[in-house]
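K.L.:
Numbering (the numbering used here), first residue to last: 13 to 256.
The structure is reproduced here in structure tokens:
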């Protein structure tokens with residue numbers, strides 16, 4: 013009888029110990045700060061070459077202590093917009109378990125030569141812009157810009173145009189900023205660096221093949237020849253989100 017009571021007491025103590033350990037581990041786990049990365053899980057069926065959709069993605073939580081190492085190779089959940097619309101470089105989540113999306117899993121967008129980005133009646137013109145009045149981080153190829161040209165009337169000089177003068181010409185489509193022909197955030201996600209972006213390439217039209225430039229492009233060329241585009245301000249247009 014005493015032996016049975018001893019066994020019951022031992023079992024009870026074991027259960028109590030198990031519960032206490034479980035509660036301790038639960039409490040400690042709740043104290044671990046987590047950070048979320050982009051993942052893909054079933055039933056998403058993402059094959060190599062497929063365009064990744066928002067519904068394919070799930071957040072995968074990892075201890076924040078691993079963030080500095082993981083963020084160099086994996087995509088943070090806050091940056092999931094960089095993944096949506098990209099093509100997968102390999103099959104993802106084929107094992108049926110959630111899988112982190114790595115930077116190398118995304119294909120770098122194909123970069124065409126700049127003269128492949130223009131129509132038959134267009135030409136490429138490079139324009140130096142003043143880095144003090146232009147922030148290329150907020151501009152991407154495909155955006156449209158106009159230029160405010162200072163008016164050099166009677167009594168004016170290159171450094172001091174007439175008061176209240178100036179006119180706006182444009183818009184022009186940007187083809188490249190420096191050597192960048194795509195979105196800055198996509199290049200960064202692909203591990204590509206951007207150089208100086210104070211020279212922009214824009215598409216200008218010709219009136220007929222082999223003929224003159226359109227009048228507003230001739231104006232740009234004239235300003236460039238006279239004062240190397242000094243004093244010209246870049247005006248960014250609203251982006252049309254309905255266009256690709």
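We put the CB at the ideal spot given by N, CA and C, even for glycine. Predicted, not measured: the structure shown is a model, and the values here were computed from it.
According to DSSP, what are the bridge partners of residue 51?
P.N.:
As computed with DSSP, residue 51 is found in a beta bridge with 70, 112.
K.L.:
Straight-line CA distance for residue 84 to residue 226?
P.N.:
47 Å
K.L.:
So, are the CB atoms of residue 47 and residue 70 less than 9 Å apart?
P.N.:
9 Å or more divides the Cβ of residue 47 from the Cβ of residue 70.
K.L.:
Just to confirm, is the Cβ distance from residue 211 to residue 243 under 9 Å?
P.N.:
Not in contact: residue 211 and residue 243 (Cβ atoms no closer than 9 Å).
K.L.:
Between 139, 241, 239, 59, which lies nearest to residue 1 when the distance is taken from Cα to Cα?
P.N.:
Any property of residue 1 remains undetermined from this structure, which presents the chain solely from 13 to 256.
K.L.:
Go ahead and pull the three-state DSSP assignment for residue 170.
P.N.:
Low confidence applies to residue 170: its pLDDT is 46, below 50, so where it sits in the model is not reliable, and the reading given next is rough at best. The answer is coil: DSSP assigns residue 170 none of H, G, I, E or B.
K.L.:
State the start and end residues of the unbroken beta strand (DSSP E) segment that holds residue 182.
P.N.:
Following the DSSP letters along the chain, one finds residue 182 inside the beta strand (DSSP E) bounded by residues 179 to 189.
K.L.:
Which residues in the same chain have their Cβ closer than 7 Å to the Cβ of residue 54, if we skip the five residues on either side of it in sequence?
P.N.:
105, 108
K.L.:
Answer yes or no: the CB of residue 215 versus the heavy atoms of the ligand PLP, is any distance below 8 Å?
P.N.:
As presented, the structure is devoid of all ligands, the ligand PLP included, so that no description of it is given.
K.L.:
May I ask which residues mark the beginning and end of the beta strand (DSSP E) holding residue 94?
P.N.:
That residue, residue 94, is in no beta strand (DSSP E); it is neither H nor E in DSSP.
K.L.:
Pick from 249, 179, 113: whose alpha carbon is nearest that of residue 56?
P.N.:
113
K.L.:
Where does residue 245 sit, in a helix, a strand or coil, going by DSSP?
P.N.:
strand
K.L.:
Cα separation between residue 219 and residue 133?
P.N.:
7 Å
K.L.:
Near residue 232, which residues of its chain fall below 6 Å by C-beta distance, leaving aside the five closest residues on each side in sequence?
P.N.:
none
K.L.:
Between 127, 126, 89, 129, which has its C-alpha nearest residue 115's C-alpha?
P.N.:
Nearest C-alpha to residue 115: 89.
K.L.:
Tell me the rounded alpha-carbon separation between residue 184 and residue 154.
P.N.:
9 Å
K.L.:
Checking the sheet assignment: what are the DSSP bridge partners for residue 104?
P.N.:
58
K.L.:
I'd like the span of the beta strand (DSSP E) that includes residue 140, first residue to last.
P.N.:
DSSP places residue 140 in the uninterrupted beta strand (DSSP E) bounded by 134 to 140.
K.L.:
Excluding the five sequence neighbours on either side, which residues of its own chain have a C-beta within less than 6 Å of the C-beta of residue 145, listed in chain order?
P.N.:
245
K.L.:
Evaluate residue 157 with the Cβ neighbour count: other Cβ atoms within 10 Å of its Cβ, from every protein chain shown; 16 or more gives buried, anything less gives exposed.
P.N.:
buried
K.L.:
What span of residues does the alpha helix (DSSP H) with residue 237 cover, start to end?
P.N.:
227 to 239
K.L.:
Could you tell me the distance, in whole angstroms, from the CA atom of residue 131 to the CA atom of residue 92?
P.N.:
For residue 131 and residue 92, the distance between alpha carbons rounds to 34 Å.
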